[in-house]
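Student: Be aware that the sequence shown starts at 1, since it is given in the UniProt record's numbering, and climbs by one per residue.
Quick reminder that beta carbons are idealized off the backbone N, C-alpha and C, glycines included.
These numbers were taken from a predicted model, which means no experiment stands behind them.
Please find one structure pasted underneath; my questions will follow.
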Amino acid sequence: MAMLRQLGTRSWGTRLRGGAVRPLSSLNPQGPPQDAPPPPSSGPLVGFKVLDLGQVVAGNFAGAVLGYFGADVIKVEPPKGDPLRTLRILDDSGESLWWRCHGRNKRCVAIDLHREEGRDLVRRLADRSDVLIENFRPGVMEKWGLGPDDLKRDLIYTRISGYGQTGPKAAEPGYASVCEAFGGFRHLNGYPDRPPVRPNISLGDTLAGLHAAFGAVMALLHRSRSAGGGGQVVDASISESVFNMLEGCVAEAAMAGHNRPPSGSTISGVVPSGTFRTRDGRYAVIGGNGDSVFDRLMAAVGRGDMGVANPRYATNPKRVEAEGEIMGVIAEWVAAHTLEEVLAAMVAARVPAGPILSTADLLEEPQFLARNMFERAAPPRPRRAAAAMSAGGGGGGGGGGGGDAPGGEVLMPAITPVLHGTPGATRWAGAALGHHTDEVLRGELGLAAEEVGRLRGLGVIA
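Spelled out as structure tokens, the structure:
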């Protein structure tokens, strides 16, 4: 991968979870096999089966989160592949690096849901699953005979949509870009005198995926405690997941008539908190939100006379009234110092502060390295390569990764949150389209090789 080759030329390395520091130059996609794949996760969701019909970002991320912590996730996608496979930067095999991350630990099966024989396979897989995840437009699964009422009663049926399963906009398609705006986030994100902006990530999709995964786990917990063992529908939406981030905005608008506006690099109603340009042209984010922190901050910038002992600045409401003055004093002090000088002074004063880091910066950040926040994983080897290695006495095949896999090893974020007793694990990066089709259909459903071949010949599977 061109990007990984470029990273590999740098002199720094990364600390892998459970291992020593390794140079990123070891991420040679054409190199020899690296470490053997780790054993199946001992995470808290081991033993649960997830049928992941999600696509693009939100559905894929929900399934990925469950797979991080040990669930057996069977990813079903069309014979042409999930659109996520071709988004953004691709590796040497033509697969998206984004997919390699969101597809980790999933067993990938290609089934055409527009064919009745394909839908029947999904029904049979659902019968063997604890959780189903889907993010089609509301009504599509029912049209296919795959709705909640069509499948087993104890299934945790997890749905993600743009606007929810009911309401006047339920049937409308929704991407994060649109639903972030509809859910109130975009109005707050930006500057008052400029058009609203979006972050360069699919924030709404990721939030919806997290809400869906959390809902699925809560529903599993309820099922385990319920005498009837019943399933239920988990109804998550992108717009409502974003709406859930709005803190006190709803109460402020309804009860106080205050429609919180965009506020650029500050947060309205909390002073001081903002981004400040340093002498060397970089930026420091400083938060002096609490009384004692504010007192230490003003002393650090040489204006102890503006601390909480001064009635004009004694409380946050008073500081909000004097926001322009306070922010101006801090900005002037920061502008006279380098970023390193600013951060050193803030650390000494015990004031929360930090730099604005890019992704490339994070790869070198000592805190992230100390926390082992990067992992290397490869997609599973093609079956032919795995069989050849097995015949030659090499490492085993199966679901695990290997250095000669298409696209080679990928550096990706380590799994969070960190569970000290039952941590998550990455066993392989996102697999090739249909890599596990035969394994799943034969192993889970008991189909004969001849039947699998017939379905493949008809284009029902790939």
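Where in the region 80-128 do unbroken runs of the alpha helix (DSSP H), each at least 4 residues long, occur, reported from the N-terminal end onward?
Tutor: Listed in chain order, the complete alpha helix (DSSP H) runs (minimum 4 residues) inside the region 80-128 are 97-102 and 116-127.
Student: In the structure shown, what three-state DSSP assignment does Y163 receive?
Tutor: Reduced to three states, the DSSP call for Y163 is coil.
Student: Are the beta-carbon atoms belonging to F185 and G424 less than 7 Å from one another?
Tutor: no
Student: Does DSSP put V140 in a helix, a strand or coil?
Tutor: helix
Student: Taking 6 Å as the line, does the beta carbon of D235 fall inside it for any heavy atom of the ligand GTP?
Tutor: No copy of the ligand GTP appears in this structure; indeed no ligand is present at all.
Student: Tell me where the beta strand (DSSP E) around D52 begins and ends.
Tutor: K49 to D52
Student: Going by beta-carbon coordinates alone, are F61 and T206 separated by less than 7 Å?
Tutor: yes
Student: Going by alpha carbons, who is nearest to G434 out of C101, R88 and P79?
Tutor: Looking at the Cα atoms, P79 is the closest of the given residues.
Student: So for F243, helix, strand or coil by DSSP?
Tutor: Note: F243 maps to helix in three-state DSSP.
Student: Grab me the residues of K75's own chain with a C-beta within less than 6 Å of its C-beta, minus the 5 sequence neighbours each way, in chain order.
Tutor: D52, K106 and C108
Student: Which of helix, strand or coil does DSSP assign to T275?
Tutor: strand
Student: Based on the DSSP secondary-structure assignment, which residues constitute the bridge partners of S237?
Tutor: Paired residue(s): S161.
Student: Return the residue from the list A462, L445 and I356 that minimises the CA-CA distance to D127.
Tutor: L445
Student: Let me know if N244 comes out buried or exposed under the rule of 16 or more other beta-carbons within 10 Å of its beta-carbon.
Tutor: Exposure of N244 is indicated by the presence of fewer than 16 other C-beta atoms within 10 angstroms of its C-beta.
Student: Which residues mark the beginning and the end of the beta strand (DSSP E) in which I74 is found?
Tutor: Here the beta strand (DSSP E) through I74 covers D72 to E77.
Student: Mind checking R200: buried by the 16 CB within 10 Å criterion, or exposed?
Tutor: As written in the sequence, residue 200 is Asn, which differs from the Arg given in the question. The residue is exposed, with fewer than 16 neighbouring Cβ atoms inside 10 Å.
Student: What is the DSSP secondary structure of F374, reduced to helix, strand or coil?
Tutor: strand
Student: Would you kindly check if the distance between the Cβ of V293 and the Cβ of V233 is under 7 Å?
Tutor: no
Student: Mapping DSSP to helix, strand and coil, what is P413?
Tutor: strand
Student: Does the contact criterion of 3 or more C-beta pairs under 8 Å hold for the region 310-326 versus the region 366-373?
Tutor: no
Student: Let me check understanding here. Comparing Cα to Cα, which of A71, H102 and V73 lies closest to T86?
Tutor: Of the candidates A71, H102 and V73, the one whose C-alpha sits nearest the C-alpha of T86 is H102.
Student: For S265, does the count of other Cβ atoms within 10 angstroms reach 16, so buried, or fall short, so exposed?
Tutor: exposed
Student: What is the DSSP secondary structure of V250, reduced to helix, strand or coil?
Tutor: Residue state, collapsed to three classes: helix.
Student: In its own chain, which residues sit with a C-beta less than 6 Å from the C-beta of N259, not counting the 5 before and 5 after it?
Tutor: Closer than 6 Å at the Cβ level, and outside the excluded window around N259, lie A253.
Student: From the DSSP output, in three-state form, read off Q55 for me.
Tutor: coil
Student: For the alpha helix (DSSP H) containing G209, list its first residue and its last residue.
Tutor: Element bounds for G209: L203 to R225.
Student: Run the CB neighbour count on A236, radius 10 Å, all protein chains shown included, and call it buried at 16 or more, exposed below.
Tutor: buried
Student: Rounded to the nearest angstrom, how far is the Cβ of A353 from that of L343, given a contact under 8 Å?
Tutor: 6 Å
Student: According to DSSP, which residues form a beta bridge with A284?
Tutor: F276 and P355
Student: Suppose the cutoff is 7 Å on Cβ atoms and the five residues either side in sequence are ignored; what does the same chain contact list for E323 look like?
Tutor: V271
Student: Mind reading off the beta-carbon distance from G209 to V334? Whole number of angstroms is fine, and I expect it under 8 Å.
Tutor: Their Cβ separation, rounded to whole angstroms, is 37 Å, which puts G209 and V334 out of contact at 8 Å.
Student: Going along the chain, which residues of its own chain have a beta-carbon closer than 6 Å to the beta-carbon of G287, five neighbours each way excluded?
Tutor: S273 and P352
Student: Please determine, among D130, R119, D154 and I156, the residue with the shortest C-alpha to C-alpha distance to E142.
Tutor: R119
Student: To the nearest angstrom, report how far apart L221 and Y283 are at their CA atoms.
Tutor: 45 Å
Student: Whole angstroms are fine: how far does the CA of R381 sit from the CA of G147?
Tutor: Their Cα atoms are separated by approximately 35 Å.
Student: Taking the alpha-carbon positions, what's the G162 to L151 distance?
Tutor: 23 Å
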